[in-house]
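Protein chains in written order, with our numbering: chain G, 39 to 185; chain V, 39 to 185; chain P, 7 to 86; chain A, 7 to 86.
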């Protein structure tokens with residue numbers, strides 16, 4: 039089971055995770071990562087832009103790569119676009135597998151690639167206005183772990 | 039925030055995970071692993087026994103080790119004991135952190151230790167009766183990853 | 007019809023808008039010439055990629071867009 | 007009162023029950039002697055640990071339990 043979504047409004051992670059679990063009864067393990075807009079660091083809002091012809095196809099290709107690399111029963115990848123506020127979910131990855139190592143590694147792999155190799159551009163609104171977020175050296179290092 | 043529980047009856051993971059997230063507003067990332075009794079492999083039931091003076095204190099020591107080793111805002115470790123049926127949650131680990139790597143690694147670390155270094159004894163009921171589950175060589179290897 | 011140019015991320019700020027139209031046919035030299043000042047410098051940078059109708063080019067210099075094509079200018083993605 | 011012996015995991019099956027009482031004082035030799043047959047062999051195995059009042063001993067041979075103590079015999083845990 040593969041479920042890849044690009045959403046332009048706030049979402050509740052739990053029903054999506056529960057649906058994945060229901061669809062994968064043979065999976066003894068379910069690993070999940072939920073990334074949210076951080077609170078209390080002066081960030082008032084976050085805006086994520088994407089490019090329709092690349093972003094969702096890129097996420098789908100990433101899901102296939104994870105399904106090919108790890109022994110999974112199912113994989114869920116959800117990413118927000120648009121305007122978000124502190125505490126709101128940005129990204130959700132959930133992997134169901136027979137063995138825990140596959141589930142945990144698939145989530146780790148998908149997150150590293152979503153963060154540094156997916157077509158999203160991020161701006162933060164602080165008290166002095168909007169700022170584009172640049173790539174971090176850490177992201178490039180993260181993705182090399184999988185090569 | 040540290041929340042360590044040994045439960046002798048079925049539990050719903052979502053409210054526990056949501057409570058951890060609520061308690062850790064500064065955490066941008068929440069990683070979770072949920073382990074369940076597998077369905078469809080001839081296992082009719084699973085029974086987990088523990089030893090009161092060691093099991094919960096051991097889980098608590100493990101939680102402290104994870105909190106000391108990774109930069110976490112909060113950690114939840116829940117483990118079932120008693121009789122369980124296919125599809126029921128056995129173990130839940132959830133880690134809230136500012137950065138995703140800490141959250142994911144803390145869950146991986148806690149799961150490896152819960153599986154091979156915690157005071158639980160497991161029996162499976164199959165069509166021909168109850169069978170004790172022996173340690174696996176893989177578990178010993180898993181825990182060496184962290185030394 | 008013409009070639010539609012889409013500016014992503016901070017390139018849209020430099021371009022003063024997310025889209026422009028330029029006359030077809032359009033090659034890389036013509037695109038850079040049409041983008042003046044900071045914008046021209048920015049899109050020429052090594053880290054800016056280009057896609058034509060949703061396919062990323064390995065080499066920007068090979069750009070060759072015709073009537074109705076969509077050309078996207080893609081700065082580095084934001085990371086974690 | 008006596009020393010309470012708790013058998014965990016499959017040791018409880020071999021012992022025919024999860025608990026026994028043995029007279030105090032109790033050392034390791036006396037415990038092995040009180041556990042006959044397969045049970046004695048099993049608890050003597052390298053991988054079986056022993057705890058006194060919730061503290062695991064580094065060396066089973068150092069067991070020294072008195073009135074009211076609880077001695078737990080801990081086979082290897084089950085793993086993943």
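C-beta: ideal position from N, C-alpha, C; glycine also. Please read all numbers here as calculations on a predicted model, not as lab measurements.
Reduced DSSP category for residue i - H, G, I as helix; E, B as strand; rest coil
{"i": "residue 66(P)", "result": "helix"}
{"i": "residue 106(V)", "result": "helix"}
{"i": "residue 41(V)", "result": "strand"}
{"i": "residue 67(G)", "result": "strand"}
{"i": "residue 135(G)", "result": "strand"}
{"i": "residue 167(V)", "result": "strand"}
{"i": "residue 16(P)", "result": "helix"}
{"i": "residue 38(A)", "result": "helix"}
{"i": "residue 51(V)", "result": "helix"}
{"i": "residue 46(A)", "result": "helix"}
{"i": "residue 155(G)", "result": "coil"}
{"i": "residue 73(V)", "result": "strand"}
{"i": "residue 58(A)", "result": "strand"}
{"i": "residue 127(G)", "result": "strand"}
{"i": "residue 46(V)", "result": "coil"}
{"i": "residue 96(G)", "result": "helix"}
{"i": "residue 83(P)", "result": "coil"}
Straight-line gap, residue i to residue j (C-alpha atoms, nearest Å)
{"i": "residue 153(G)", "j": "residue 139(V)", "result": "12 Å"}
{"i": "residue 89(V)", "j": "residue 81(A)", "result": "11 Å"}
{"i": "residue 95(G)", "j": "residue 60(P)", "result": "9 Å"}
{"i": "residue 127(V)", "j": "residue 79(G)", "result": "36 Å"}
{"i": "residue 53(P)", "j": "residue 10(P)", "result": "21 Å"}
{"i": "residue 15(P)", "j": "residue 171(G)", "result": "9 Å"}
{"i": "residue 168(V)", "j": "residue 118(V)", "result": "19 Å"}
{"i": "residue 166(V)", "j": "residue 81(V)", "result": "10 Å"}
{"i": "residue 41(P)", "j": "residue 21(P)", "result": "8 Å"}
{"i": "residue 161(G)", "j": "residue 23(P)", "result": "16 Å"}
{"i": "residue 74(V)", "j": "residue 84(V)", "result": "10 Å"}
{"i": "residue 121(G)", "j": "residue 130(G)", "result": "17 Å"}
{"i": "residue 124(V)", "j": "residue 56(P)", "result": "51 Å"}
{"i": "residue 107(V)", "j": "residue 57(V)", "result": "23 Å"}
{"i": "residue 39(P)", "j": "residue 84(P)", "result": "27 Å"}
{"i": "residue 97(V)", "j": "residue 53(V)", "result": "20 Å"}
{"i": "residue 132(V)", "j": "residue 164(G)", "result": "30 Å"}
{"i": "residue 48(A)", "j": "residue 58(A)", "result": "18 Å"}
{"i": "residue 159(V)", "j": "residue 176(V)", "result": "17 Å"}
{"i": "residue 17(P)", "j": "residue 46(P)", "result": "10 Å"}
{"i": "residue 146(G)", "j": "residue 157(G)", "result": "18 Å"}
{"i": "residue 185(V)", "j": "residue 91(V)", "result": "26 Å"}
{"i": "residue 41(V)", "j": "residue 49(V)", "result": "15 Å"}
{"i": "residue 39(V)", "j": "residue 99(V)", "result": "14 Å"}
{"i": "residue 36(P)", "j": "residue 65(P)", "result": "15 Å"}
{"i": "residue 62(G)", "j": "residue 134(G)", "result": "7 Å"}
{"i": "residue 7(A)", "j": "residue 155(V)", "result": "33 Å"}
Integer Cβ distance of residue i from residue j, believed to fall under 8 Å
{"i": "residue 43(V)", "j": "residue 116(V)", "result": "5 Å"}
{"i": "residue 64(V)", "j": "residue 71(G)", "result": "Not really, about 17 Å apart at Cβ, beyond 8 Å."}
{"i": "residue 209(G)", "j": "residue 76(V)", "result": "A question about residue 209(G) goes unanswered here, because the residues of chain G that appear run from 39 up to 185."}
{"i": "residue 114(V)", "j": "residue 104(V)", "result": "Contact flag wrong, Cβ pair sits at about 11 Å."}
Residue i: contacting residues in chain G (beta-carbon distance under 7 Å)
{"i": "residue 78(P)", "result": "89"}
{"i": "residue 108(P)", "result": "This structure leaves residue 108(P) out entirely; chain P is present only between 7 and 86."}
{"i": "residue 146(V)", "result": "142"}
{"i": "residue 80(V)", "result": "The contacting residues do not exist; residue 80(V) stays about 12 Å from chain G at best."}
{"i": "residue 135(V)", "result": "None at all; the shortest Cβ gap to chain G is about 11 Å."}
Identified DSSP bridge partners for residue i
{"i": "residue 11(A)", "result": "26(A), 77(A)"}
{"i": "residue 120(V)", "result": "86(V)"}
{"i": "residue 53(A)", "result": "Looking at the DSSP assignment, residue 53(A) forms no beta bridge with any residue, so it has no partner."}
{"i": "residue 114(V)", "result": "41(V), 132(V)"}
{"i": "residue 161(V)", "result": "85(V), 170(V)"}
{"i": "residue 33(P)", "result": "70(P)"}
Cross-chain neighbours of residue i in chain P, by beta carbon under 9 Å
{"i": "residue 160(G)", "result": "15, 83, 84, 85"}
{"i": "residue 156(G)", "result": "83"}
Within chain V, the residues that residue i reaches when beta carbons sit closer than 8 Å
{"i": "residue 40(A)", "result": "Per Cβ cutoff of 8 Å: no residues; residue 40(A) is ~20 Å from chain V at best."}
{"i": "residue 57(A)", "result": "89, 91, 92"}
{"i": "residue 125(G)", "result": "63"}
Neighbouring residues, chain A, relative to residue i (Cβ below 9 Å)
{"i": "residue 153(V)", "result": "83, 84, 85, 86"}
Contacts of residue i in chain G (Cβ-Cβ under 8 Å)
{"i": "residue 54(P)", "result": "Under the 8 Å cutoff, chain G gives no residues; its nearest Cβ is about 12 Å from residue 54(P)."}
{"i": "residue 64(V)", "result": "76, 77, 78, 79"}
Within chain P, the residues that residue i reaches when beta carbons sit closer than 8 Å
{"i": "residue 171(G)", "result": "84, 85"}
Contact list for residue i against chain G, beta-carbon separation under 9 Å
{"i": "residue 23(P)", "result": "Here the premise fails: no neighbours, minimum Cβ distance about 13 Å."}
Interface flag, residue i vs chain C, CB-CB below 9 Å
{"i": "residue 112(V)", "result": "Structure shown: chain C not included; protein chains present are G, V, P and A."}
Under 7 Å by beta carbon: chain V residues contacting residue i
{"i": "residue 107(G)", "result": "In chain order: nothing, as chain V lies at least about 16 Å away."}
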